[in-house]
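Chemist: Here it is, the structure in full.
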Ligand code: WTA
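Residue numbers (the UniProt record's numbering): 1 to 666.
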């Protein structure tokens with residue numbers, strides 16, 4: 001029976017490694033199977049990183065030229081380099097070497113939107129498809145170092161597309177298919193992509209998404225784009241622009257089923273992935289080949305305790321870093337079978353996850369707290385009656401998991417599974433704080449301990465001094481670089497330095513606050529910058545504000561993150577209208593304006609960024625020097641108007657009372 005400490009404060013609850021995982025008659029022996037072993041390996045990785053990572057890189061990756069130096073540079077100057085002199089190719093590591101030894105092994109289980117349409121792709125077939133698309137890209141003039149934009153639904157071609165790019169040394173820049181045409185346009189332009197890979201339509205939760213039409217809209221102002229290759233998901237009739245648009249399958253069928261992988265240096269760029277920061281302008285985070293791939297492979301091995309024969313399932317979208325690392329590069333680099341899930345957790349019913357686990361005998365299952373909370377709300381009945389005995393590891397990612405959701409998820413594992421709450425970021429490439437299933441006792445809501453090579457510190461946000469010892473809260477930083485950390489922001493290294501390395505000089509600044517508790521466990525407290533996390537989607541308040549300000553009625557806006565039971569945070573927007581525009585709460589014209597503003601955000605960023613609440617107001621709280629006091633807005637929305645603090649510094653303190661009334665009425 002599992003221990004139940006759920007009545008204790010989360011910090012006091014300690015769930016030991018499930019005995020089932022350590023029972024050799026039931027489960028493969030975990031790669032790291034005791035706390036002592038973790039401590040020893042972590043110590044080596046920090047004290048002797050060259051030896052530690054040199055060994056891992058040699059064991060886990062295949063090189064065409066061995067590296068001659070493990071590490072150079074660091075956080076001080078932003079000149080990070082790993083595995084110097086080495087050459088390798090990511091697609092070779094993820095496809096060829098497994099296709100050669102085991103061509104019939106299933107690489108991808110495509111679990112389509114409709115549950116009865118799943119499809120298996122073997123490593124042998126994956127290699128042919130990757131080579132053919134790589135050839136088609138070359139035929140369109142794509143060479144090593146070029147960028148290729150990918151805007152695709154969750155179909156096998158998306159995985160093939162990533163691997164085809166890395167095969168020829170092109171940098172893929174995947175844009176999440178929930179982004180709007182305008183957001184896609186900005187990302188295609190910023191990366192100077194000449195080719196876009198997409199699909200006719202998408203399918204998600206029974207709904208059809210007009211993927212190609214969004215691409216067409218975006219490309220109206222992308223003069224550099226010469227070629228669009230269109231995969232057929234639904235076979236619908238979509239407009240094809242003569243000379244620019246081609247069916248992906250036709251172009252691939254002209255290409256041979258094998259081409260050699262391009263040899264890449266360790267530090268050759270591998271891909272870009274745009275993410276949001278404190279400013280309105282999204283940044284193209286750039287990862288390089290060897291370090292990224294090693295981080296992906298090592299974390300699937302150690303954090304998900306991957307063993308041959310396991311069926312690995314990450315529910316993220318391939319458009320986010322979690323999909324890159326834990327659907328594609330991590331599992332495939334180890335030769336795993338990886339599940340590609342096109343649908344949503346509630347389609348056709350809220351039993352979808354559990355049916356899928358039983359159907360494919362999934363061993364590692366990885367999802368986000370927002371999905372767990374949404375399913376928990378729908379009741380336990382949906383979880384019953386499914387054979388979940390194949391599961392060993394349940395992972396979560398994207399935002400802090402509240403203890404109630406953690407317990408519910410833990411119960412899915414019936415005391416036999418480890419829950420790994422993995423903390424990381426687009427910029428970190430792979431997990432940096434996480435339990436290891438066979439070694440680390442867990443606490444609900446804590447990401448627990450640093451991964452190998454991660455030397456953490458918590459700083460006083462004001463003085464920048466390290467807070468030593470336990471029971472401290474501050475900003476979370478890392479003291480030295482590790483292989484899979486991003487190397488730069490595409491085309492703007494200065495911004496990379498300023499965002500991550502300069503705020504606390506010599507440290508990597510995560511942007512998150514954290515507590516180290518009395519036992520040394522790490523609890524992530526959420527962002528300390530102007531980034532909001534809605535259902536695990538990272539959004540910047542500045543980005544949403546600049547979308548709203550484009551509307552003709554808007555004079556000024558302030559966007560904040562409010563708490564939400566399901567999505568973690570949600571977006572509340574205070575919108576100050578231009579003089580002459582009357583706002584009458586509840587009146588039709590005012591409601592229409594609110595709707596227009598929500599549409600505006602959907603159009604500029606995408607539906608997932610839509611504000612949940614819009615407050616139309618005449619004025620915003622500002623200091624006499626004109627600084628907007630978001631803190632006050634956050635407190636009002638959180639219902640903490642009685643603890644606003646000193647508002648006498650405001651230019652017009654009476655604004656506050658008006659806002660309290662307005663929020664209360666909405
Ligand atoms: C948040 C997603 C708490 C955090 C992989 C981080 C988390 C941001 C966790 C990165 C976790 C991610 N617990 N917070 N286990 N995982 N976050 O770049 O605020 O989309 O900075 O990468 O998500 O989001 P990103």
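For every residue, glycine included, the Cβ atom is placed at its ideal position computed from N, Cα and C.
Does DSSP put residue 26 in a helix, in a strand, or in coil?
Modeler: As a working note, residue 26 is residue 26 in the chain shown. Residue 26: coil per DSSP, three-state reduction.
Chemist: Report the three-state DSSP secondary structure of residue 1 (helix, strand or coil).
Modeler: Against the chain shown, residue 1 aligns to sequence position 1. Because the pLDDT of residue 1 is 41, which lies under 50, any placement of that residue in the model is unreliable, and the number read from its coordinates should be weighed accordingly. Correct three-state label for residue 1: coil.
Chemist: With a threshold of 7 Å, establish whether the CB of residue 583 neighbours any heavy atom of the ligand WTA.
Modeler: Here residue 583 corresponds to residue number 583 of the chain shown, with the count starting at 1. Outside the cutoff, so no.
Chemist: Would the beta-carbon of residue 290 fall within 8 Å of that of residue 82?
Modeler: Against the chain shown, residue 290 aligns to sequence position 290. Against the chain shown, residue 82 aligns to sequence position 82. Result yes, Cβ atoms of residue 290 and residue 82 sit closer than 8 Å.
Chemist: Is there contact here, the stretch 302 to 311 with the stretch 260 to 280, by at least three beta-carbon pairs under 8 Å?
Modeler: no
Chemist: According to DSSP, is residue 563 helix, strand or coil?
Modeler: For the purposes of this step, residue 563 is taken as residue 563 along the chain shown, with counting starting at 1. It is a strand residue.
Chemist: What does the Cβ neighbour count give for residue 21, buried or exposed, with the cut at 16 atoms within 10 Å?
Modeler: Within the chain shown, numbered from 1, the residue matching residue 21 stands at position 21. Residue 21 should be labelled buried.
Chemist: Are the stretch 121 to 139 and the stretch 243 to 261 in contact at 8 Å, needing three or more beta carbon pairs?
Modeler: yes
Chemist: Report the three-state DSSP secondary structure of residue 196 (helix, strand or coil).
Modeler: Along the chain shown, one-based indexing puts residue 196 at 196. Residue state, collapsed to three classes: strand.
Chemist: Should residue 281 be listed as close to the ligand WTA, given that the test is whether its C-beta is under 7 Å from any heavy atom?
Modeler: Start at 1 with the first residue of the chain shown, and residue 281 comes out as number 281. Flag unset: Cβ of residue 281 not near the ligand WTA.
Chemist: Pick out whichever of 176, 178, 433 and 137 has its Cα sitting closest to the Cα of residue 161.
Modeler: Here residue 161 refers to the residue found at position 161 when the chain shown is read from its first residue. The option with the nearest alpha carbon to residue 161 is 137.
Chemist: With three or more C-beta pairs closer than 8 Å as the rule, is the stretch 175 to 186 touching the stretch 601 to 616?
Modeler: yes
Chemist: Just to confirm my understanding: we take residue 215, look at its own chain, exclude 5 residues before and 5 after, and list those with CB closer than 8 Å. What are they?
Modeler: Working through the chain shown from its first residue, we reach residue 215 at position 215. Correct list, in chain order: 151, 181, 184, 196, 198 and 228.
Chemist: With 16 as the cutoff for other CB atoms within 10 Å, does residue 72 come out buried or exposed?
Modeler: To locate residue 72, count along the chain shown from 1; it is residue 72. Residue 72 is exposed by the Cβ-count criterion.
Chemist: Does the stretch 109 to 127 come close enough to the stretch 329 to 339 to have 3 or more Cβ pairs within less than 8 Å?
Modeler: yes
Chemist: Looking at residue 421 and residue 446, is the spacing between their C-beta atoms short of 8 Å?
Modeler: The sequence position of residue 446 within the chain shown is 446, counting from 1. The sequence position of residue 421 within the chain shown is 421, counting from 1. Yes, the Cβ-Cβ distance between residue 446 and residue 421 is below 8 Å.
Chemist: How many Å lie between residue 563 and residue 444 at the Cα?
Modeler: Numbered from its first residue, the chain shown carries residue 563 at position 563. Numbered from its first residue, the chain shown carries residue 444 at position 444. Cα to Cα, the separation comes out at about 19 Å.
Chemist: List in chain order: all unbroken beta strand (DSSP E) runs of 3+ residues lying wholly within the stretch 226 to 282.
Modeler: 227 to 231, 245 to 247 and 269 to 275
Chemist: Just tell me which of 457, 280 and 233 has its CA closest to the CA of residue 550.
Modeler: Here the question's residue 550 lines up with position 550 in the chain shown. Ranked by how close their Cα comes to the Cα of residue 550, the residues 457, 280 and 233 have 280 in first place.
Chemist: Please identify the residue among 334, 158 and 412 whose C-alpha is closest to the C-alpha of residue 351.
Modeler: As a first step, residue 351 is located in the chain shown; it is residue number 351 there, counting from the start. Checking every option, the nearest Cα to that of residue 351 belongs to 412.
Chemist: Can you determine whether any heavy atom of the ligand WTA sits closer than 7 Å to the C-beta of residue 510, and answer yes or no?
Modeler: By one-based count along the chain shown, residue 510 stands at place 510. Yes, the ligand WTA has a heavy atom inside 7 Å of this Cβ.
Chemist: Note down, in chain order, each residue of its chain lying with its Cβ closer than 7 Å to the Cβ of residue 91, except the 5 sequence neighbours on either side.
Modeler: Here residue 91 refers to the residue found at position 91 when the chain shown is read from its first residue. Once the five neighbours on either side are set aside, the close Cβ partners of residue 91 are 130, 163, 166, 167 and 261.
Chemist: Can you give, in chain order, each stretch of the alpha helix (DSSP H) that sits fully within the UniProt domain "AMP-binding enzyme C-terminal" (543 to 627) and has at least 4 residues?
Modeler: 588 to 604
Chemist: Pull up the distance between the alpha-carbon of residue 387 and that of residue 363, whole angstroms please.
Modeler: To locate residue 387, count along the chain shown from 1; it is residue 387. To locate residue 363, count along the chain shown from 1; it is residue 363. Each residue's alpha carbon lies about 12 Å from the other.
Chemist: What does the Cβ neighbour count give for residue 100, buried or exposed, with the cut at 16 atoms within 10 Å?
Modeler: Against the chain shown, residue 100 aligns to sequence position 100. Per the 10 Å Cβ criterion, exposed.
Chemist: Name, in chain order, the residues that DSSP records as bridge partners for residue 533.
Modeler: Residue mapping note: residue 533 aligns to position 533 of the chain shown, counting from 1. According to DSSP, which records beta bridges pairwise, residue 533 is partnered with 538.
Chemist: Using 8 Å as the Cβ pair cut-off and three pairs as the minimum, do the stretch 477 to 487 and the stretch 530 to 550 touch?
Modeler: no
Chemist: So for residue 417, helix, strand or coil by DSSP?
Modeler: Within the chain shown, residue 417 is the residue found at index 417, counting from 1. Reduced to three states, the DSSP call for residue 417 is coil.
Chemist: Among the residues of its own chain, which have a CB less than 6 Å from the CB of residue 433, if the five just before and after it don't count?
Modeler: Mapped onto the chain shown, residue 433 falls at position 433. 423, 447, 450 and 522, listed in sequence order.
Chemist: Look at the alpha carbon of residue 1 and the alpha carbon of residue 355, and state the distance between them as a whole number of angstroms.
Modeler: For the purposes of this step, residue 1 is taken as residue 1 along the chain shown, with counting starting at 1. For the purposes of this step, residue 355 is taken as residue 355 along the chain shown, with counting starting at 1. Because residue 1 sits at a pLDDT of 41, beneath the cut-off of 50, its placement in the model cannot be relied upon, and the point is left open.
Chemist: Report yes or no: do three or more beta-carbon pairs, one from the stretch 461 to 472 and one from the stretch 28 to 47, lie closer than 8 Å?
Modeler: Between the stretch 461 to 472 and the stretch 28 to 47 there are fewer than three C-beta pairs closer than 8 Å, too few to call the two in contact.
Chemist: Would residue 494 be called buried (16 or more neighbouring beta carbons within 10 Å of its own) or exposed?
Modeler: Start at 1 with the first residue of the chain shown, and residue 494 comes out as number 494. A residue is called buried once 16 or more other Cβ atoms fall within 10 Å of its Cβ, and residue 494, having fewer, is exposed.
Chemist: Going by other Cβ atoms of all chains shown within 10 Å of its Cβ, with 16 needed for buried, is residue 585 buried or exposed?
Modeler: Position 585 of the chain shown holds residue 585. That one is exposed.
Chemist: Return the Cβ separation of residue 457 and residue 507 in integer angstroms, given the expectation that the two are a contact with Cβ distance under 8 Å.
Modeler: For this step, residue 457 is matched to residue 457 along the chain shown. For this step, residue 507 is matched to residue 507 along the chain shown. About 7 Å; that satisfies the 8 Å criterion.
Chemist: Just the Cα atoms here: how many angstroms apart are residue 505 and residue 331?
Modeler: To locate residue 505, count along the chain shown from 1; it is residue 505. To locate residue 331, count along the chain shown from 1; it is residue 331. Rounded to whole angstroms, residue 505 to residue 331 spans 35 Å at the Cα level.
Chemist: Please tell me whether residue 200 and residue 149 are closer than 8 Å, where the distance is taken between their beta carbons.
Modeler: Numbered from 1 along the chain shown, position 200 holds the residue referred to as residue 200. Numbered from 1 along the chain shown, position 149 holds the residue referred to as residue 149. No; because the gap between Cβ atoms is not below 8 Å, this pair is not in contact.
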